[in-house]
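S.K.: Residue numbers (the working numbering): 295 to 791. Heads up, the beta-carbon is just placed ideally off N, CA and C, and yes, glycines get one too. Everything numeric in this text was worked out from a predicted model, so none of it was measured.
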Amino acid sequence: MAYLDLREFVDALEKKGELKRIRVEVVPVLEIAEITQRVARDEKRAPNSVGPALLFEKPKGSRFPVLINAFGSARRMALAFEVNELEEVAERIQGFLKMETPQGLFDKIKMLPKLAELASFFPKRVEQGDCKEVIQKGSDVNLFDFPILKCWPQDGGRFITFPLVFTKNPETGKRNVGMYRMQIYDERTTGMHWQTQKHGAEHFRRAKAKNPEGRIPVSVAIGADPATALAGMLRIPPDLDEMMFAGFLRREPVEMIACETNDLEVPENAEIVLEGYVNLNEMRTEGPFGDHTGFYSLEGGYPVFHVECVTRRKEPIYLTTVVGPPPQEDFYMGYAVERVFLPVMKMQYPEIVDVAMPAEGIFHNLMIVAIRKSYPGHARKIMNAIWSLGQAMFTKVIVVVDHDVNIHNYGEVVWKTLCALDPERDVQFVLGPVDTLDHAARMQDFGSKMGIDATRKWASEGFTRPWPDEILMDEGTKKRVEAIWESLWIEKESGGR
Ligand SMILES: Cc1cc2nc3c(=O)[nH]c(=O)nc-3n(C[C@H](O)[C@H](O)[C@H](O)COP(=O)(O)O)c2cc1C
Ligand SMILES: [Mn+2]
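In structure tokens form, the structure reads like this:
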């Protein structure tokens, strides 16, 4: 059974010892962030052990609790998707990708259960919802009712960091859901930080091209069952409904309910919903914001969201996250999504064996790709493929290695990459779109990217020298030493290997 809502996930976390309640009063400005940092990034802990989710029951200045770090470990991400290993989700996706178009009648009948299963993931419209327990309109709306955090000293204000921003493509009517941070300007206005290449920004531009003085409806849901709450960060193609994917991930359709004041729908199980609009002719300074690069993203002009109506539960849980120097909660969220969608990438490019993105590479800065190389220039083909693949277009550095490199061992990657490299020959630069948050790029959103071909070089690529074998002991010797190992007394004297 899928989680009904966020509070059911909170209960599950608590039962598994993955959640800690903070019962003393804590200030949401800076202090919750600092406490979360200490828990999530405790340097005294082993590198792979991360602290629990935190439920701050008494944030100062608000009646509502704050949930943070809920997804801040691989284990909690697996709990969120109700699997033991994230690979199980990847396998389910693979099952659907393998579905071939049926040939004869028999094949068609055989496919029916799978197709029926797919159809059962489509969002469902409902008339009643938990997010409507309280409805506040006009001057009753006050965003300061909620314990919205300011995370870092130089932040431009308080920011909603875990929203699901709903818009509709003004041309096709198709829904989009994106996780775009929102700076609080006053009781009823926020920033809308959809970066230029994101789908919300595209909806804004298309509407503006038709009617520059108009507005687009926007609704924001905060807090839902885990799969739905995470759907806003999925990197799926435009006009594909994130709510359908959420339904696939939770194995039950997301139940959607009509908003009160605009023509959008939101998940019925949301904790808090903000309804309103964005004017197409209005921009306002947004930022700075201590970002997941570990640096402040600079001030910039972004659209403004006007909140006309709040619908919510009586006692909503305010879901949020803090970003900052890696690794943070968003690393575990991003890592899970990357593992789950790897089969999609492999289907398009079967030569890809595996992909790794170290936390310090902040997703877009470094992708290590292992390929089964089968023709000259193959590594460069894969670089170009990745730079053309949705948000992978932002990848600043791509390192392509042979299939026998363990790309999750970064020491091995550094060693083998550097050994395989003739820098002038093997480095490829391209120009193109880059991540908005890249503060080193020559201009915002546009800059250069680099690919490193660290595969073995072939004669057919102009490399005519012999390529040496990697040093490995032969199996016979290893076996013989294994047989006498104990008698050497090395382990006991040195206190273990
Ligand atoms: C915690 C968190 C905060 C994010 N903040 C933003 C943001 O402020 N602006 C943005 O454009 N993308 C942000 N993202 C990334 C987007 O959610 C991601 O690119 C997503 O695919 C956007 O949806 P879209 O493809 O439908 O536009 C954030 C992601 C996470 C996990
Ligand atoms: Mn989208």
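#1: Who are the near neighbours of R500 in its chain, counting only those whose CB is closer than 8 Å to its CB and skipping five residues on each side?
#2: Going by beta carbon distance, what residues of the same chain come within less than 6 Å of V435, once the five residues before and after it are set aside?
#3: For a quick check, are the C-beta atoms of M300 and D519 less than 8 Å apart?
#4: What are the boundary residues of the beta strand (DSSP E) that F350 is part of?
#5: Label G423 either buried or exposed according to how many other C-beta atoms from any shown protein chain fall within 10 Å of its C-beta, with 16 as the threshold for buried.
#6: Residues in its own chain within less than 8 Å of F460 by CB, not counting five upstream and five downstream?
#7: Cβ of Q489 within 7 Å of any heavy atom in ligand 1?
#8: Shortest alpha-carbon distance to S682 belongs to which of V724, V695, A653 and A327?
#9: Counting only the same chain and skipping the five closest in sequence on each side, list residues whose C-beta sits under 6 Å from that of T803.
#10: I'd like to check one pair, P506 with I566: are the Cβ atoms closer than 8 Å?
#11: If I follow the unbroken alpha helix (DSSP H) through A523, where does it start and stop?
#12: Apply the 10 Å Cβ neighbour rule to L437 and answer buried if 16 or more other Cβ atoms are within range, or exposed otherwise.
#13: Classify L660 as buried or exposed, calling it buried when 16 or more other Cβ atoms lie within 10 Å of its own Cβ.
#14: Below 8 Å CB to CB, which residues in the same chain sit around A296 once its five sequence neighbours on both sides are set aside?
#15: Of all the options P346, G570, D698 and G517, which has the alpha carbon lying nearest to the alpha carbon of Y612?
#16: Any chance the CB of G526 is under 7 Å from a heavy atom of ligand 4?
#17: Ordered along the chain, which non-local residues of its own chain (more than five positions away) have a Cβ less than 7 Å from that of P597?
#18: In the structure shown, what three-state DSSP assignment does P464 receive?
#19: Measure from the alpha carbon of V344 to the alpha carbon of each residue in T330, T614, L568 and S356, then state which is nearest.
#20: In chain order, what residues place their C-beta within less than 5 Å of a heavy atom belonging to ligand 2?
#21: What is the C-beta distance between V548 and P417, in whole angstroms, given that I count them as a contact (C-beta under 8 Å)?
#22: Looking at the secondary structure, which residues open and close the alpha helix (DSSP H) in which E328 lies?
#23: To which residues of the same chain is E308 closer than 6 Å at the C-beta, ignoring the five residues directly before and after it?
#24: Taking the straight line between their C-alpha atoms, what separation do you get for A650 and V695?
#25: Pairs of beta-carbons, one from the region 343-362 and one from the region 438-452, closer than 8 Å: are there three or more?
M.R.: On the basis of the supplied data:
#1: Counting only residues of its own chain and dropping the five nearest sequence neighbours on each side, R500 has a CB closer than 8 Å to the CB of N463, P464 and E465.
#2: Taking C-beta separations shorter than 6 Å and ignoring five residues to either side along the sequence, the partners of V435 in its chain run R482, V601 and V604, following chain order.
#3: The identity of residue 300 in the sequence shown is Leu, whereas the question assumes Met. Yes; because the gap between Cβ atoms is below 8 Å, this pair is in contact.
#4: First-last of the beta strand (DSSP E) with F350: A347 to P353.
#5: Of the other Cβ atoms in all chains shown, 16 or more fall within 10 Å of the Cβ of G423; this residue is therefore buried.
#6: Setting aside the 5 residues that flank it on each side, F460 is surrounded in the same chain by R469, N470, V471, V512, S513, V514, A515, L558, E559 and V560, each with a C-beta closer than 8 Å to its C-beta; the list follows chain order.
#7: Correct: Q489 has its Cβ closer than 7 Å to ligand 1.
#8: It is V724 whose Cα lies nearest to the Cα of S682.
#9: Since the first residue shown for the chain is 295 and the last is 791, residue 803 is missing from the structure and cannot be characterised.
#10: Cβ distance not < 8 Å, so I566 and P506 don't count as in contact.
#11: In this chain, the alpha helix (DSSP H) harbouring A523 covers P520 to L524.
#12: By the neighbour-count rule (16 or more Cβ atoms within 10 Å), L437 is buried.
#13: With a 10 Å radius around the Cβ and a threshold of 16 neighbouring Cβ atoms, L660 comes out buried.
#14: E376, D519, A521, R544, R545 and E546.
#15: When C-alpha distances from Y612 are compared across P346, G570, D698 and G517, the shortest belongs to G517.
#16: For ligand 4, the structure offers nothing, since it holds only ligand 1 and ligand 2.
#17: Around P597: M486, F498, V572, E576 and M577.
#18: Note: P464 maps to coil in three-state DSSP.
#19: Out of T330, T614, L568 and S356, T330 has the C-alpha closest to the C-alpha of V344.
#20: Chain-ordered list of matching residues: N470 and H493.
#21: With 8 Å as the limit, V548 and P417 qualify as a contact, their Cβ atoms being about 5 Å apart.
#22: First-last of the alpha helix (DSSP H) with E328: E325 to A334.
#23: Excluding positions up to five away in sequence, the list is empty.
#24: Approximately 11 Å between the Cα atoms of the pair.
#25: Yes, the region 343-362 touches the region 438-452.
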